[in-house]
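Undergrad: 9 is the number of the first residue of the sequence shown in the working numbering; add one for each residue after it.
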Amino acid sequence: MVKYIRIKVLKIAFLFLLLFVVHRNQAQVLEFDRLEQLYDQGHYRLVYFKAGKYLNKPEYDYSLFPKYYRSLAVLQRMQGFKFRQRKTEEVQASFSFIGQLSSSQRGSEIMRTHSNELESLYLDLNAWIQSEIEQGNTDIASYYQDLVKMTFSKFIVAKEISASWSPSNTLELKTQESMISFAATLMGTSYVWGGSSKDGFDCSGFTSYVFKEYGITLPRVSADQYANSVKVASEEARIGDLVFFGKDGKVNHVGILVNQPGEPKKMIHASSSKGVVFQSIDDSKYFSERLIGFGRY
Numbered sequence: 009m010v011k012y013i014r015i016k017v018l019k020i021a022f023l024f025l026l027l028f029v030v031h032r033n034q035a036q037v038l039e040f041d042r043l044e045q046l047y048d049q050g051h052y053r054l055v056y057f058k059a060g061k062y063l064n065k066p067e068y069d070y071s072l073f074p075k076y077y078r079s080l081a082v083l084q085r086m087q088g089f090k091f092r093q094r095k096t097e098e099v100q101a102s103f104s105f106i107g108q109l110s111s112s113q114r115g116s117e118i119m120r121t122h123s124n125e126l127e128s129l130y131l132d133l134n135a136w137i138q139s140e141i142e143q144g145n146t147d148i149a150s151y152y153q154d155l156v157k158m159t160f161s162k163f164i165v166a167k168e169i170s171a172s173w174s175p176s177n178t179l180e181l182k183t184q185e186s187m188i189s190f191a192a193t194l195m196g197t198s199y200v201w202g203g204s205s206k207d208g209f210d211c212s213g214f215t216s217y218v219f220k221e222y223g224i225t226l227p228r229v230s231a232d233q234y235a236n237s238v239k240v241a242s243e244e245a246r247i248g249d250l251v252f253f254g255k256d257g258k259v260n261h262v263g264i265l266v267n268q269p270g271e272p273k274k275m276i277h278a279s280s281s282k283g284v285v286f287q288s289i290d291d292s293k294y295f296s297e298r299l300i301g302f303g304r305y
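1. For Tyr47, which residues in the same chain have their Cβ closer than 8 Å to its Cβ, ignoring the five residues on either side in sequence?
2. Whose CA, out of Glu127, Val99, Arg304 and Gln268, lies closest to the CA of Ile224?
3. If you draw a straight line from the alpha carbon of Phe253 to that of Tyr152, how long is it in whole angstroms?
4. Exposed or buried, Leu63, counting other C-beta atoms within 10 Å across all chains shown (16 or more means buried)?
5. Would Ala245 be called buried (16 or more neighbouring beta carbons within 10 Å of its own) or exposed?
6. Please say whether Ile289 and Val238 have beta carbons closer to each other than 8 Å?
7. Using the three-state DSSP reduction, which class does Ser279 fall into: helix, strand or coil?
8. On the DSSP bridge list, what partners appear for Ile264?
9. In this structure, what does DSSP give as the bridge partners for Phe286?
10. Can you give me the start and stop residues for the alpha helix (DSSP H) that Ile118 sits inside?
11. Can you tell me whether DSSP reads Tyr152 as helix, strand or coil?
12. In whole angstroms, what separates the C-alpha of Val262 from that of Val99?
13. So the alpha helix (DSSP H) Gly213 belongs to, where does it begin and stop?
14. Could you please give the first and the last residue of the uninterrupted beta strand (DSSP E) stretch that includes Arg304?
15. What three-state label does DSSP hand Gly60 in the structure shown?
16. Decide if Gln49 is buried, meaning its Cβ has at least 16 other Cβ atoms within 10 Å, or exposed.
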């Protein structure tokens, strides 16, 4: 009888322990989901502090998620001068952590399931570096160019597509289509910050080069190209118009549309990772979320 009671007690204790573990793991999953949600909403400061608190809890040792989101938040916030100056060591550690994710099974799984976050971060960092160049901060840009390339080289693959536009026989589109045909001859040209020749282009250097071929002189940087353009509504934007992207209302990237009004929006642009390529806008979460507007010259 005593033995039977002991077995029952042990079973009950085991069930309570199992329920506790399940409840704890569920709570942790909810907390990680909340980190992901906050990060996707752009609350990088809040993610930074919440992830930091989780890192100090022993029960989270099994997971890389707090460190992962802390690192993402650091690399977003380091684009601000004050944070970058105050947290130099943590910035370096975050680059190192992201770069070494593939060295463990759990890290590789995070890379696979969170590839969109990593790709968006990569593009954000490249856009920030481009803006630093346009502001004349070439030393900073050059340093972080190498660091970003080394960190993300193992697993970032730009999502690009082939062109799918057909030349029209209408007279009014002859110049625009000729422009895109000329731009397409530059496919594969390398991306070079500050570049504006066949040796290499940055985004605004590419658009300036193409438009110059047709007698149109554009301002050198993307923000000025937008400011000086005739603004066009999204539903009226067409082949040959410029399309602008950025964050917080500040333009930092430009491409040339290759679609007609009403068609899915696509562009040809100088990609920081692949050089001159065709790219879908509507099918890209990154570009569709950062779309600022359209301009015509």
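Backbone N, C-alpha and C fix where the C-beta goes; we use that ideal spot for every residue, glycine too.
For clarity, every value in this text was computed on a predicted model and none was experimentally measured.
TA: Let me lay it out:
1. For the purposes of this step, residue 47 is taken as residue 39 along the sequence shown, with counting starting at 1. Taking Tyr47 as the centre and dropping the five residues before and after it, the same chain places the C-beta of Val55, Tyr77, Leu80, Ala81 and Glu125 closer than 8 Å to its C-beta, in chain order.
2. Against the sequence shown, residue 224 aligns to sequence position 216. If we check each option's Cα against that of Ile224, Arg304 comes out closest.
3. Here residue 253 refers to the residue found at position 245 when the sequence shown is read from its first residue. Here residue 152 refers to the residue found at position 144 when the sequence shown is read from its first residue. In this structure, the alpha-carbon of Phe253 lies about 21 Å from that of Tyr152.
4. Numbered from 1 along the sequence shown, position 55 holds the residue referred to as residue 63. Exposed, because fewer than 16 other Cβ atoms sit within 10 Å of the Cβ of Leu63.
5. Taking the sequence shown and counting its residues from 1, the one referred to as residue 245 is at position 237. Looking at its Cβ environment, which holds 16 or more other Cβ atoms inside 10 Å, Ala245 is buried.
6. For the purposes of this step, residue 238 is taken as the residue at position 230 of the sequence shown. For the purposes of this step, residue 289 is taken as the residue at position 281 of the sequence shown. No, the Cβ-Cβ distance between Val238 and Ile289 is not below 8 Å.
7. Numbered from 1 along the sequence shown, position 271 holds the residue referred to as residue 279. Of the three classes helix, strand and coil, the one that applies to Ser279 here is strand, per DSSP.
8. Residue 264 sits at position 256 when you count from the first residue of the sequence shown. DSSP lists Leu250 and Ile276 as partners of Ile264.
9. If you number the sequence shown from 1, residue 286 lands on position 278. Looking at the DSSP assignment, Phe286 forms a beta bridge with Ile276.
10. One-based indexing of the sequence shown puts residue 118 at position 110. In the DSSP assignment, Ile118 falls within the unbroken alpha helix (DSSP H) covering Gln113 to Thr121.
11. Numbered from 1 along the sequence shown, position 144 holds the residue referred to as residue 152. For Tyr152, the secondary structure class from DSSP, reduced to helix, strand or coil, is helix.
12. Within the sequence shown, the letter at position 254 stands for residue 262. Within the sequence shown, the letter at position 91 stands for residue 99. Looking at the two C-alpha atoms, the distance is approximately 28 Å.
13. Position 205 of the sequence shown, counted from the first residue, corresponds to residue 213. Element bounds for Gly213: Cys211 to Lys220.
14. Taking the first residue of the sequence shown as 1, we reach residue 304 at position 296. Arg304 -> beta strand (DSSP E) spans Leu299 to Arg304.
15. As a working mapping, residue 60 is identified with position 52 in the sequence shown. Assignment of Gly60 by DSSP, reduced to helix, strand and coil, places it in the helix class.
16. For the purposes of this step, residue 49 is taken as residue 41 along the sequence shown, with counting starting at 1. With fewer than 16 other Cβ atoms within 10 Å, it is exposed.
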